[in-house]
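What follows is one structure encoded as structure tokens, with my remarks underneath.
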Amino acid sequence: MMNVQLMLYTVLLIITFQFVKAKEYYVSVNDGSNDNPGTLQKPWKSINKAVKFLKSGDTCIIRGGTYTEAVVINGLKGKVYAPIVFKSYPGERVIFDGTTSIKGHWEIYRNDIYSLKLDFDIWQLFVDGEMQINARWPNAFWYDKSVFDYKKWGFSSKESTFNLEKSTGVMIDNGTHLAKSGINATGAIAILNIGQWLTWAGIVTNHTIGNASFAYYVPSKPKAVHFIAQNCRYFLEDKLEFLDSPTEWYFDPVEKRVYVWLSDINKNPSDHDIRGKVSTYAFFINNGSAHITLSGLNFFATTVHVRAQSKSEDVNNIKLESCYFSYPSYSHRALGSTAVPNTTTIYYNGDLVQNSGNFSVFNCTFEYADGQTMSYRGADGVFENNIWRYNDFTCVGDGFLLRSEGVRDVFVRNTVHSNGPCEGYAPGNGDTFDRKLGLAIGSEVRLNLFYDLKYLQGDGSHVQTNIYAQNGSVLEYNWCYDTRKWGLRFDRADVDGALWGYNGTMRHNVVWTTRGIRLKGDNHHCYNNLAFDNELYFDLCLYGFPGDGAKGENSHTVTKGNILQNGACSSIKTSECQYDLPDSDLVLKGVGPYGKESMAHGGVYWIPGHQDTASSMPIPPNGTNTAKCNCHLMWLSGYNADKHDVYFGLSESSVQSATTSSPEYKVTMTSPANIFDPGSLKSAVPYYWRVDSVKELVTTKGSVWNFKCQ
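Read in order, the letters of the sequence shown are residues -22 to -1, 1 to 688 in mature numbering (1 follows the signal peptide of the UniProt record, and there is no 0).
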């Protein structure tokens, strides 16, 4: 016992000593100087200056302002209990900006299109902070998010062809749209969804005005395409003649001339803040760096690159915390390149043994990226309480919003919505070496909210679990809805003799208005899920490809306690499926959204997704007129809130201004309780309510919500 106490005392002394030694350095882009000592009163101007002085336990505090430098962190090492932290000054907004101002004498090119000669390249354009769309055909726009509408693409006829060996193809439009467009597409870049869940950028090599087809070449030379002619789609970019609408732009990389059609045709471009993207990364963390945290930073049109140049100098224990990434990545198609965009990178090169990399992404937002939002590889990485929204309207590169190349991911309490790729989140497969070592691969995917996955590619799923990722993976307490893809899927190739995965678990999920839940493989466990309104396919499908190689597929998979609206599991193995019908006399505890806790007043109703400091996701939904008059009120708790103060009344202003001394105050509930019974309600009467989150005696005031019942 004495030895244990002595050990704990020694550890405490070490930690205390580290904190005593820790220093704080300050940087200010607006009023700093690199000749200063880096104090609060006399900050440095450059973060790279601070990097030279930082040691384990130190903090670089960044004052508010816009930073354009590329910060290089090479071999900088903190410790487990004394990380090196780069964070924003409390209450100030720090922005890393990958753009530069575009100013000069704008000339009228024709009609409402202006042009300006530059002496540098840009590959993305913003007007007053809003992205302009690279001139394209058929038209689609960023301001109304129609770029995420698959109907804004051109569609292929069944006569289109692709030669895999030569990486060439002929796209034949399925109507008269291309022929009647009046454009000559030769030399354009074509965005080609010719591989169902795979999309490439190619070069149009031959097209003439009035022709309904064009020839193209794909420089990346894909090894497999999965080409089905009638399922292919395309749109065209990067020709000046495509610039025919407001909010479009074009850049001539040879002449270095930018063209833009403003949404406000009554103003000159000089009256706007026009900026072009000139930088890809704001932070490079590489070559042996460890235990580093970026906290409270904003990234506009730039992002971070965390990766060493070799296995021997790998990076590890890097954390992104409460950072905001807006337009973090964009392709170089405006410069004539068909390459995949350079994206946010957090990557461990070496063998994925326990805690290799040990990366963490917490409470961050990723929005408006072109391409996959992150290139990630590591072991035991944690993605918690993040938001991914409106990313990747071209899907060039692969079909994933976030595809892990790691093992044992923890993907918990994230909100993922309104993204372009056909796959939402894909847990890591590991690699051949990891599997030969017998290391655990499976990931935890829990309490996430997935919805509105777009239809810019074929196939797909909100959560796509491939063959080697299935063993040990647990998908639980997720909501998946509103997509033409699958909600949850354990997948494999639909060919004779293909390998399949095994030993995956899906439980306590809610899936609706999707294709449902689909399991391929064997020895899976699927129970206590709720699936309904999945009209395109069965609510739950146990798949078995009828080739010899699939003999026995799903013969040992267990399904029980699932409530399915359509009561069907598989067109192939229906004799072996269980049917848990909605009108069954069996009452199951813990099915779908219903936990084992009480659903009465003061009980707990689990709600997935990102938690803000304030309460969110009201049930009944805010503004609804169709709530039940015997409904209970429920909400998603504020992050780590200790308790919640509930207000309810008939006046919006009274509920808005109410305090705990007001008659609108009803009760204080201790977390995790989130069910309030308002009592008897009257039809068509507007009701207002508010839930404040309280954490460590600090109250975060909630929004006022309203509903009517019937």
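Cβ coordinates follow ideal geometry from the N, Cα and C atoms, glycine included.
Nothing here was measured: the structure is a model prediction, and the numbers come from that model.
If you count every other CB in all the chains shown that lies within 10 Å of the CB of residue i, and 16 or more means buried, which is it?
{"i": "Ala404", "result": "buried"}
{"i": "Asn364", "result": "buried"}
{"i": "His155", "result": "exposed"}
{"i": "Leu559", "result": "Residue confidence for Leu559 is low, a pLDDT of 33 falling below 50, so the modelled location carries little weight; the figure read from the coordinates is stated next. Classification for Leu559: exposed."}
{"i": "Met577", "result": "exposed"}
{"i": "Gly153", "result": "exposed"}
{"i": "Gly680", "result": "buried"}
{"i": "Glu226", "result": "buried"}
{"i": "Asp469", "result": "buried"}
{"i": "Thr648", "result": "exposed"}
{"i": "Trp511", "result": "Per the sequence shown, residue 511 should be read as Asp rather than Trp. Per the 10 Å Cβ criterion, exposed."}
{"i": "Tyr259", "result": "buried"}
{"i": "His185", "result": "buried"}
{"i": "Ser553", "result": "Below a pLDDT of 50, predicted positions are generally treated as unreliable, and Ser553, at 32, falls in that range; the measurement from the model is reported next regardless. Burial call: exposed."}
{"i": "Val236", "result": "buried"}
{"i": "Lys23", "result": "buried"}
{"i": "Thr17", "result": "exposed"}
{"i": "Val58", "result": "exposed"}
{"i": "residue 759", "result": "Here the chain comprises residues numbered -22 to 688, so residue 759 is not present and cannot be evaluated."}
{"i": "Ile197", "result": "According to the sequence displayed, residue 197 carries Pro and not Ile. Exposed, by the Cβ-count rule."}
{"i": "Asn618", "result": "exposed"}
Less than 8 angstroms between the C-beta atoms of residue i and residue j, yes or no?
{"i": "Leu313", "j": "Gln350", "result": "no"}
{"i": "Ala279", "j": "Gly76", "result": "yes"}
{"i": "Asp430", "j": "Gly398", "result": "no"}
{"i": "Lys65", "j": "Ile25", "result": "no"}
{"i": "Val385", "j": "Phe361", "result": "no"}
{"i": "Trp101", "j": "Lys255", "result": "yes"}
{"i": "Cys400", "j": "Trp175", "result": "yes"}
{"i": "Ala193", "j": "Val148", "result": "yes"}
{"i": "Tyr480", "j": "His503", "result": "no"}
{"i": "Thr316", "j": "Ala179", "result": "yes"}
{"i": "Thr281", "j": "Phe303", "result": "yes"}
{"i": "Val452", "j": "Gly499", "result": "no"}
{"i": "Glu108", "j": "Ile167", "result": "no"}
{"i": "Phe74", "j": "Asn320", "result": "no"}
{"i": "Val488", "j": "Arg467", "result": "no"}
Going along the chain, which residues of its own chain have a beta-carbon closer than 6 angstroms to the beta-carbon of residue i, five neighbours each way excluded?
{"i": "Arg462", "result": "Tyr433"}
{"i": "Tyr305", "result": "Ala279 and Tyr346"}
{"i": "Ile550", "result": "The predicted position of Ile550 is uncertain, since its pLDDT is 35 and thus under 50; a value taken from the coordinates is nonetheless stated next. So the qualifying residues of the chain are Gly522."}
{"i": "Asp251", "result": "Asp106"}
{"i": "Leu659", "result": "Cys607 and Cys687"}
{"i": "Val536", "result": "His503"}
Taking C-alpha atoms, which residue in the options lies nearest to residue i?
{"i": "Asn265", "options": "Ile167, Ser640 and His283", "result": "His283"}
{"i": "Asp437", "options": "Gly465, Ser309, Leu520 and Ile296", "result": "Gly465"}
{"i": "Thr164", "options": "Glu219, Asn512 and Asn12", "result": "Glu219"}
{"i": "Gln589", "options": "Lys686, Leu425 and Glu47", "result": "Leu425"}
{"i": "Ile187", "options": "Ile181, Val7 and Ile161", "result": "Ile161"}
{"i": "Val624", "options": "Asn618, His610, Glu642 and Ser635", "result": "Glu642"}
{"i": "Thr492", "options": "Ala651, Gly522, Leu520 and Asp460", "result": "Asp460"}
{"i": "His395", "options": "Glu383, Phe344, Asp216 and Val423", "result": "Phe344"}
{"i": "Asp228", "options": "Arg114, Tyr505 and Arg88", "result": "The residue you asked about is not Asp; residue 228 is Tyr in the sequence shown. Measuring from the Cα of Tyr228, the nearest candidate turns out to be Arg114."}
{"i": "Leu542", "options": "Asn532, Leu518 and His534", "result": "Leu518"}
{"i": "Phe626", "options": "Trp683, Gly568 and Ser248", "result": "Trp683"}
{"i": "Val390", "options": "Lys20, Val633, Gly420 and Leu427", "result": "Leu427"}
{"i": "Lys27", "options": "Val7, Ser34 and Gln19", "result": "Val7"}
{"i": "Lys60", "options": "Leu32, Ala605 and Asn506", "result": "With the sequence shown as reference, residue 60 is identified as Ala, and Lys is not the correct amino acid for it. Considering only alpha carbons, the answer is Leu32."}
{"i": "Asp222", "options": "Asn112, Glu233 and Val182", "result": "Asn112"}
{"i": "Tyr446", "options": "Ala476, Ser439 and His440", "result": "Ala476"}
{"i": "Gln19", "options": "Gln110, Asp151, Gly402 and Glu2", "result": "Glu2"}
{"i": "Asp138", "options": "Lys158, Ser159 and Gly173", "result": "Note that residue 138 is Ser in the sequence shown, not Asp. For Ser138, the nearest C-alpha among the options comes from Gly173."}
{"i": "Asp9", "options": "Gly35, Tyr45 and Lys(-2)", "result": "Tyr45"}
{"i": "Lys289", "options": "Ser334, Gly274, Val50 and Val232", "result": "Ser334"}
{"i": "Glu70", "options": "Gly274, Gly53, Pro116 and Gly82", "result": "Gly274"}
Does any heavy atom of the ligand PLP sit closer than 7 angstroms to the C-beta of residue i?
{"i": "Leu518", "result": "Looking at this structure, you won't find the ligand PLP or any other ligand, since it has none at all."}
With a threshold of 7 angstroms on Cβ separation, who are the neighbours of residue i within its own chain once the five nearest residues in sequence on each side are excluded?
{"i": "Thr678", "result": "Thr591, Ala592, Gly616, Asp670 and Ser671"}
{"i": "Lys199", "result": "Ser145"}
{"i": "Ser562", "result": "Because the pLDDT of Ser562 is 36, which lies under 50, any placement of that residue in the model is unreliable, and the number read from its coordinates should be weighed accordingly. There are no such residues."}
{"i": "Val565", "result": "Here the model assigns Val565 a pLDDT of 37, short of 50, so the residue's position is not dependable, and the following value carries that caveat. Cβ within range, chain order: n/a, list empty."}
Leaving out the 5 sequence neighbours to the left and right, which residues in its chain are closer than 8 angstroms to residue i when beta-carbon positions are compared?
{"i": "Leu628", "result": "Val663, Pro664, Tyr665 and Tyr666"}
{"i": "Asn336", "result": "Asn294, Asn295, Gly356, Ala357, Asp358 and Gly359"}
{"i": "Asp620", "result": "Thr648, Ser649, Val672, Lys673 and Glu674"}
Examine the Cβ distances between the region 320 to 336 and the region 235 to 247 and report whether three or more of them are shorter than 8 angstroms. no
Assess contact between the region 365 to 384 and the region 335 to 354, defined as three or more Cβ pairs (one per stretch) separated by less than 8 angstroms. Is contact present? yes
Cβ contact check for the region 207 to 214 and the region 130 to 144: 3 or more pairs under 8 angstroms: yes
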